[in-house]
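Written out below as structure tokens is the structure these notes cover.
Structure, rendered in structure tokens:
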């Protein structure tokens, strides 16, 4: 799995090893990256800069691979952007003037749809399967747009005039969360517009939200990590870490999550035990990390029968770098031709060629099996790494404990020796006076010499 992080530049890391694989360096006049969003297939990343046009990046798949960037000149006023969760070619942009523009990147000359909101758009996120689009505005409102991009609901974080972040569930289409600079978190059911959860456990700005499989978690500038159960809507985890936190991202299907700090650290935690990180890596030495994100593409096996095949027919030949056609003197676009999508039921022969039978009545795609195998291999590496770390910690603890025992034994021996010398001085060698600042060992040697001389005279 690839993790994207953004500060002034965008960096990519292989997870869970936190292995660096590539960087997109923003222009010198760009102060920071405002937002990042993965495509639903996990192959591209959409980034909005503080100055200049948004860019679509091809995610690197191997270390030090060149990260290709495609300029979105048709959205030069964007302040935030997000990919569709169902179509890798659909993107939504929000502007400072309150505009929301929907584009198909294959034909970006004219927006597919657009509308005007009351104030500047600072957050954008699609719900599951693009059923709705949530737009967070600078006036504190969250405007919910339906599948036809018409406003259908509005939400406000209670007792807060501000809005700093929003999040939509990746497993349920009706869960929407929002948080404010005052430390208030709220969870809504978008179908009924009911408030399911409202909490003020943070003492300051909530910097990020993310949904796990059964939890909603938040991090803040106060260094707190909070997690709420989505069944009981109760706080099940409350940890105060050692520094200010800027973002978090769950690794789907596991208990592992990534957390970034305001000091530029990238940490890996087990959500069941947040007392100490599994791994820590300094990702940004010159400043804090603003946002981190895993791809939304799930590593799940489909057991549906018959198998559905998804085929694409293209009229143009695309370049290998993200299926884009690039002109040297213009902003890039994928193609002027509209993509044709055909959903067909696979024949029995093709099913046998493309699937493996796991058990009777269940079949999965070979590609999905390979993906599952890759995820399983990464998980085995993670468990092995955790075991090695625990083994090293146990070994070092044993060494420290043994050293302490040796030190204590040495002190006991020294104390016993001094007691023995004192006994000899008081019992059998009372005539020997301790003069000249002699040590107990020197006194004992003199006593032994005197005893030897006395025995010689007697003989």
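In this note's numbering, the protein residues as written are 1307 to 1765.
Glycine residues also receive a C-beta, built at the ideal position from the N, C-alpha and C atoms.
Every value quoted in this text rests on a predicted model; they were computed, and no experiment measured them.
Length of the line joining the Cα atoms of residue i and residue j
i: residue 1566; j: residue 1485; result: 18 Å
i: residue 1536; j: residue 1312; result: 29 Å
i: residue 1328; j: residue 1349; result: 14 Å
i: residue 1640; j: residue 1411; result: Low confidence applies here, because residue 1640 scores a pLDDT of 38, under 50, leaving its location unreliable; read the following figure in that light. Going from the Cα of residue 1640 to the Cα of residue 1411 covers about 6 Å.
i: residue 1682; j: residue 1381; result: 40 Å
i: residue 1340; j: residue 1586; result: 24 Å
i: residue 1642; j: residue 1388; result: Summary for residue 1642: the model assigns pLDDT 37, below 50, so the residue's position carries little reliability; its value from the coordinates is reported in the next sentence. Whole-angstrom Cα-Cα distance: 22 Å.
i: residue 1579; j: residue 1563; result: 11 Å
i: residue 1577; j: residue 1556; result: 9 Å
i: residue 1752; j: residue 1731; result: 11 Å
i: residue 1450; j: residue 1512; result: 21 Å
i: residue 1316; j: residue 1326; result: 11 Å
i: residue 1351; j: residue 1364; result: 7 Å
i: residue 1321; j: residue 1713; result: 43 Å
i: residue 1705; j: residue 1676; result: 43 Å
i: residue 1729; j: residue 1715; result: 21 Å
i: residue 1538; j: residue 1694; result: 36 Å
i: residue 1375; j: residue 1333; result: 12 Å
i: residue 1421; j: residue 1582; result: 46 Å
i: residue 1540; j: residue 1601; result: 28 Å
i: residue 1755; j: residue 1703; result: 47 Å
i: residue 1370; j: residue 1573; result: 22 Å
i: residue 1684; j: residue 1674; result: 15 Å
i: residue 1725; j: residue 1701; result: 36 Å
i: residue 1402; j: residue 1470; result: 15 Å
i: residue 1721; j: residue 1727; result: 10 Å
i: residue 1561; j: residue 1419; result: 39 Å
i: residue 1314; j: residue 1501; result: 36 Å
i: residue 1508; j: residue 1545; result: 11 Å
i: residue 1505; j: residue 1436; result: 28 Å
i: residue 1345; j: residue 1679; result: 22 Å
i: residue 1482; j: residue 1428; result: 16 Å
i: residue 1698; j: residue 1368; result: 30 Å
Alpha helix (DSSP H) segment containing residue i, residue limits
i: residue 1695; result: 1672-1733
Sub-8 Å separation of residue i and residue j beta-carbons
i: residue 1318; j: residue 1394; result: no
i: residue 1766; j: residue 1407; result: The requested residue 1766 is not part of the displayed model; the chain covers only 1307 to 1765.
i: residue 1525; j: residue 1491; result: no
i: residue 1430; j: residue 1400; result: yes
i: residue 1434; j: residue 1391; result: yes
i: residue 1310; j: residue 1342; result: yes
i: residue 1466; j: residue 1448; result: no
i: residue 1589; j: residue 1559; result: no
i: residue 1543; j: residue 1531; result: yes
i: residue 1440; j: residue 1472; result: yes
i: residue 1360; j: residue 1398; result: no
i: residue 1596; j: residue 1308; result: no
i: residue 1443; j: residue 1452; result: no
i: residue 1386; j: residue 1354; result: yes
i: residue 1768; j: residue 1533; result: This structure leaves residue 1768 out entirely; the chain is present only between 1307 and 1765.
i: residue 1493; j: residue 1522; result: yes
i: residue 1528; j: residue 1510; result: yes
i: residue 1487; j: residue 1468; result: yes
i: residue 1357; j: residue 1335; result: yes
i: residue 1710; j: residue 1323; result: no
i: residue 1446; j: residue 1463; result: yes
Run of the beta strand (DSSP E) containing residue i, from where it starts to where it stops
i: residue 1586; result: 1585-1588
i: residue 1371; result: Note, residue 1371: premise wrong, no beta strand (DSSP E); not H, not E.
i: residue 1428; result: 1427-1432
i: residue 1545; result: 1541-1546
i: residue 1528; result: No beta strand (DSSP E) holds residue 1528; DSSP gives it neither H nor E.
i: residue 1301; result: No information on residue 1301 is available, as it lies outside the stretch 1307 to 1765 that the chain covers here.
i: residue 1556; result: 1551-1556
i: residue 1571; result: 1571-1576
i: residue 1600; result: Per DSSP, residue 1600 belongs to no beta strand (DSSP E) and is neither H nor E.
i: residue 1385; result: 1384-1389
i: residue 1495; result: 1491-1495
i: residue 1471; result: 1471-1474
i: residue 1777; result: As shown, the chain starts at 1307 and ends at 1765. That puts residue 1777 outside it, with no answer to give.
i: residue 1566; result: 1562-1567
i: residue 1442; result: 1439-1443
i: residue 1340; result: 1339-1344
i: residue 1336; result: That residue, residue 1336, is in no beta strand (DSSP E); it is neither H nor E in DSSP.
i: residue 1483; result: 1481-1485
Bridge partners - residue i, DSSP secondary structure assignment
i: residue 1323; result: Bridge partners of residue 1323: none, in fact.
i: residue 1350; result: 1364
i: residue 1457; result: 1451
i: residue 1407; result: 1399, 1420
i: residue 1380; result: None; residue 1380 has no bridge partner.
i: residue 1328; result: 1318
i: residue 1308; result: 1320
Check your understanding: Okay, do the stretch 1465-1478 and the stretch 1511-1530 touch, 3+ Cβ pairs below 8 Å being the bar?
Key -> A contact exists between the stretch 1465-1478 and the stretch 1511-1530.
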